[in-house]
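Peer 1: Protein chains in written order, with the working numbering: chain G, 1 to 173; chain R, 174 to 374.
Below is a structure I'd like to ask you about.
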């Protein structure tokens, strides 16, 4: 079995995990790593897609949805994750909001060498906020998404799923 | 009459709004310290203070989409809105018929000492909202006109945007020495709201 095959992440399997966990709303901003997933979500009638133009408001929007009884997921890129630090602090961590972020891991390389500062700062950023995260790079990793949802609900906190991209991420192949 | 004498006092505006509030969910935003003493339905309020600046409108949008059977009223501020103007486009796209977006414009950052917001006196926020796609947007500079129209405003289908020129209540006391007006923690506020709306935890 070649390496490319074993590290492939199918957006259908990711979507299956999202639906399995009762997601009702997707708060999203375009992201090249998870575009394939976005297209599938858009076609899924049980999901309501809410586009934002900056990631900070995605946090407060998700907090409002969750307070109102919905189960949102936030679909953004790691660059945007870093933009929304204060909103993460105040609207999610500060209000005990259980929400999962699906974050495109721009610059992620399995061998660990990258020049992309978006990737270099992603995990230190999450660690600084005390936000737990799971790396999902292949179909075999997909069940970690359910673990993330369960953890968010149990701890009443945001939990992040980092979607790797070296082999195409969840873009259609 | 001096211009500042003609501006709307937030506390008086909220007293008038209260008469029309019905069973709406209210996110009082920067008006929270007045609203907690005016509201007769505190369990339907979300006086969160300032969890992180710029997020009141998007929080209100989330609640409005989640609870379409309820009116959701938010008292945003121009400083908050300027931080996340793009949310106007999102709200207009989502078209929540139950969202009433009031914006208190005191032309300054009152909680940090009254420094002016950028281009404070020359922005037409109602025009921006309309330009982003809000079907209904208006502006008020005096309480009398607001008082006449508030009933009709709340009977319109949302999203509705209303800009209000308000008198600046500038804070000069250092942050740690200010009188605390929040009587519940933010987490408790949301738990009470969920209970009032019969939302399972």
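Glycine included, every Cβ here is placed at the ideal spot set by N, Cα and C.
For residue 172(G), count neighbouring Cβ atoms within 10 angstroms of its own Cβ and tell me buried if that reaches 16, exposed if not.
Peer 2: Stepping through the first chain from its first residue, residue 172(G) is reached at position 172. The predicted position of residue 172(G) is uncertain, since its pLDDT is 49 and thus under 50; a value taken from the coordinates is nonetheless stated next. It counts as exposed.
Peer 1: Please tell me whether residue 74(G) and residue 38(G) are closer than 8 Å, where the distance is taken between their beta carbons.
Peer 2: Here residue 74(G) refers to the residue found at position 74 of the first chain. Here residue 38(G) refers to the residue found at position 38 of the first chain. Taking 8 Å as the Cβ cut-off, residue 74(G) and residue 38(G) do not qualify as a contacting pair.
Peer 1: With a Cβ-Cβ cutoff of 8 Å, do residue 26(G) and residue 49(G) count as a contact?
Peer 2: As a first step, residue 26(G) must be located in the first chain, where it is residue number 26. As a first step, residue 49(G) must be located in the first chain, where it is residue number 49. If you check the CB distance, residue 26(G) and residue 49(G) come in under 8 Å.
Peer 1: Between the Cα of residue 123(G) and the Cα atoms of 154(G), 11(G), 70(G) and 103(G), which residue gives the shortest distance?
Peer 2: The residue labelled residue 123(G) in the question sits at position 123 within the first chain. Comparing Cα positions, the closest option is 103(G).
Peer 1: Taking residue 112(G) as the reference, which of 55(G), 77(G), 84(G) and 164(G) has the closest Cα?
Peer 2: Walking along the first chain from the start, residue 112(G) turns up at place 112. Nearest C-alpha to residue 112(G): 164(G).
Peer 1: On a Cα-Cα basis, can you pick out the residue from 235(R), 293(R) and 284(R) that is closest to residue 244(R)?
Peer 2: Within the second chain, numbered from 1, the residue matching residue 244(R) stands at position 71. For residue 244(R), the nearest C-alpha among the options comes from 235(R).
Peer 1: Output yes if chain G places a C-beta closer than 8 Å to the C-beta of residue 224(R); else output no.
Peer 2: As a working note, residue 224(R) is residue 51 in the second chain. At least one chain G Cβ lies under 8 Å of residue 224(R).
Peer 1: Taking the alpha carbon of residue 260(R) as the point to measure from, which residue in 161(G), 118(G), 53(G) and 82(G) has its own alpha carbon closest?
Peer 2: Mapped onto the second chain, residue 260(R) falls at position 87. Nearest of 161(G), 118(G), 53(G) and 82(G) to residue 260(R), Cα basis: 53(G).
Peer 1: Got a sec: is the Cβ-Cβ distance from residue 67(G) to anything in chain R below 8 Å?
Peer 2: As a working note, residue 67(G) is residue 67 in the first chain. Yes, contact with chain R.
Peer 1: Near residue 83(G), which residues of its chain fall below 8 Å by C-beta distance, leaving aside the five closest residues on each side in sequence?
Peer 2: In the first chain, residue 83(G) corresponds to position 83, counting from 1. Taken in chain order, the residues that qualify are 54, 55 and 56.
Peer 1: Kindly indicate which residue of 336(R), 307(R) and 348(R) has the alpha-carbon position closest to the one of residue 151(R).
Peer 2: Lying outside 174 to 374, the shown extent of chain R, residue 151(R) is not represented and no answer is given.
Peer 1: Going straight from the alpha carbon of residue 230(R) to that of residue 341(R), what length do you get?
Peer 2: Stepping through the second chain from its first residue, residue 230(R) is reached at position 57. Stepping through the second chain from its first residue, residue 341(R) is reached at position 168. Roughly 20 Å between the two C-alpha positions.
Peer 1: Check each candidate in 33(G), 129(G), 35(G) and 29(G) and name the one with the smallest Cα separation from residue 51(G).
Peer 2: By 1-based counting over the first chain, the position of residue 51(G) is 51. Residue 51(G) has its Cα closest to that of 29(G), out of 33(G), 129(G), 35(G) and 29(G).
Peer 1: Could you please tell me which residues of the segment 5 to 35 of chain G, in chain order, have their CB closer than 9 Å to any CB of chain R?
Peer 2: 24, 25 and 27
Peer 1: Find the residues of chain G that neighbour residue 266(R), judging by a C-beta separation of less than 8 Å, and give them in chain order.
Peer 2: Looking up residue 266(R) in the second chain gives position 93. Per Cβ cutoff of 8 Å: 51.
Peer 1: Taking a contact to mean a Cβ-Cβ separation below 8 Å, would you say residue 334(R) touches residue 189(R) in this structure?
Peer 2: Here residue 334(R) corresponds to residue number 161 of the second chain, with the count starting at 1. Here residue 189(R) corresponds to residue number 16 of the second chain, with the count starting at 1. Between residue 334(R) and residue 189(R), the C-beta spacing is not below 8 Å.
Peer 1: Please report how far the alpha carbon of residue 1(G) lies from the alpha carbon of residue 307(R), in whole angstroms.
Peer 2: Taking the first residue of the first chain as 1, we reach residue 1(G) at position 1. Taking the first residue of the second chain as 1, we reach residue 307(R) at position 134. Because residue 1(G) carries a pLDDT of 44, less than 50, the predicted location of this residue cannot be relied on, and the following value inherits that uncertainty. Whole-angstrom Cα-Cα distance: 55 Å.
Peer 1: Suppose the cutoff is 7 Å on Cβ atoms and the five residues either side in sequence are ignored; what does the same chain contact list for residue 169(G) look like?
Peer 2: In the first chain, residue 169(G) corresponds to position 169, counting from 1. With a pLDDT of 49 at residue 169(G), under the threshold of 50, the predicted position of this residue should be treated as unreliable, though the coordinate-derived value follows. Around residue 169(G): 9, 33, 34, 104 and 163.
Peer 1: With a 10 Å radius around its C-beta and 16 neighbouring C-beta atoms as the bar for buried, classify residue 280(R) as buried or exposed.
Peer 2: Numbered from 1 along the second chain, position 107 holds the residue referred to as residue 280(R). Looking at its Cβ environment, which holds 16 or more other Cβ atoms inside 10 Å, residue 280(R) is buried.
Peer 1: For chain G, check one thing: does any of its Cβ atoms lie closer than 8 Å to the Cβ of residue 297(R)?
Peer 2: Taking the second chain and counting its residues from 1, one reaches residue 297(R) at position 124. False, the Cβ-Cβ gap to chain G never drops below 8 Å.
Peer 1: Does DSSP put residue 157(G) in a helix, in a strand, or in coil?
Peer 2: Translated into positions along the first chain, residue 157(G) becomes position 157. Reduced to three states, the DSSP call for residue 157(G) is coil.
Peer 1: Take residue 352(R) as the anchor and find which of 194(R), 207(R) and 199(R) has the nearest alpha-carbon.
Peer 2: What you label residue 352(R) is simply residue 179 of the second chain in a count that begins at 1. The option with the nearest alpha carbon to residue 352(R) is 207(R).
Peer 1: Could you name the residues of chain G that residue 236(R) contacts, counting a contact when the two beta carbons are closer than 8 Å?
Peer 2: Here residue 236(R) refers to the residue found at position 63 when the second chain is read from its first residue. Those within 8 Å of residue 236(R) in chain G are 64, 65, 67 and 68.
Peer 1: Under a Cβ-count criterion, where at least 16 other Cβ atoms within 10 Å of its own Cβ denotes burial, should residue 120(G) be classed as buried or exposed?
Peer 2: Here residue 120(G) is taken as the residue at index 120 of the first chain, counted from 1. So residue 120(G) counts as exposed.
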